[in-house]
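The structure under discussion appears below in the form of structure tokens.
Numbering (my numbering), first residue to last: 336 to 582.
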């Protein structure tokens, strides 16, 4: 009998620790499928963050390094410069990448480091209990914004793709989501392109994935997927924000 669907070889057999309905697992699979298809599992090095995906090193069947909070792009820079033949990627959430790690993110992008960044944006601090994140939406209720995020006192959400698109060096920036079959397919294409860019030596690539957090949003998994369409995408429009190949 022909096999039509199977677990990617670049994923281990370890059971995910993520909450029911969390879309980290979907993105993990897309990254692993990409490594399989490009044949890079044996030369890939992933950098795990601090946050919900702090245990990412348990799931990817490639070499992994755990970085201090927010420092994944800096660690990836060192690894890639020391081992330029390896395919180096970071896998980071919004609290890690857009808050304590914002300087490292901008600096690596500004230098055009030849690395791939997978950025999970669920608009909240997931691991630590649901506090407001730099990416939390205007009006979003969190543990630290119980009346909804007010830009007068708490500022506006940081839009990473738009921010990095003002820099000269990045090769590829795209925002996607994984809340439907169509969007999962589009996300896979973006992630594969980001890895291929690195293999081709084109420089810094970042794929931002709008992701769900049913537990801290206080929604069912299905409602959380719908909320991405209803609330997140209007404030974080999907699309390509930089593609030097197409310019």
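Glycine is no exception: its CB is placed at the ideal position from the N, C-alpha and C atoms. Predicted model only: the values in this text are computed from it and were never measured.
Item	Value
Within 8 Å, strictly: CB atoms of residue 431 and residue 384	yes
Residues bridged to residue 540 [DSSP beta-bridge criterion]	451, 507
Nearest-angstrom Cβ-Cβ length linking residue 533 and residue 450, presumed shorter than 8 Å	6 Å
The region 527 to 543 in contact with the region 493 to 512 per 3-pair CB rule at 8 Å	yes
Pairwise C-alpha distance: residue 373 and residue 448	20 Å
From 465, 442, 403, 515, residue whose alpha carbon lies closest to that of residue 498	442
Cβ neighbour criterion (16 or more within 10 Å) applied to residue 581	exposed
Pairwise C-alpha distance: residue 493 and residue 485	14 Å
Of the listed residues 416, 433, 395, nearest to residue 404 (C-alpha basis)	433
C-alpha distance - residue 371 paired with residue 355, whole-angstrom precision	26 Å
Distance CB(residue 571)-CB(residue 457) smaller than 8 Å	no
Inter-residue CB distance, residue 288 and residue 351 (contact presumed, cutoff 8 Å)	Outside the shown range of the chain (336 to 582) lies residue 288, about which nothing can therefore be said.
Nearest-angstrom beta carbon gap, residue 559 and residue 548 [assumed within contact, 8 Å]	7 Å
C-alpha gap between residue 401 and residue 379, whole angstroms	14 Å
Residues near residue 368 in its chain [Cβ-Cβ closer than 6 Å; skip 5 each side]	343
Top-ranked residue by Cα proximity to residue 496, from 473, 557, 375, 544	544
Every unbroken beta strand (DSSP E) within the region 370 to 416, with a cutoff of 3 residues, ordered by chain	379 to 383, 398 to 401
Endpoints, alpha helix (DSSP H) assigned at residue 519	516 to 534
Assigned secondary structure, residue 577 (DSSP; H/G/I helix, E/B strand, else coil)	strand
Local conformation of residue 422 per DSSP, three classes	strand
Rounded straight-line distance, which links the Cα of residue 518 to that of residue 524	10 Å
Contained beta strand (DSSP E) runs [length at least 3] in the region 438 to 505, N- to C-terminal order	451 to 456
CB of residue 511 within 8 Å of CB of residue 573, strictly	yes
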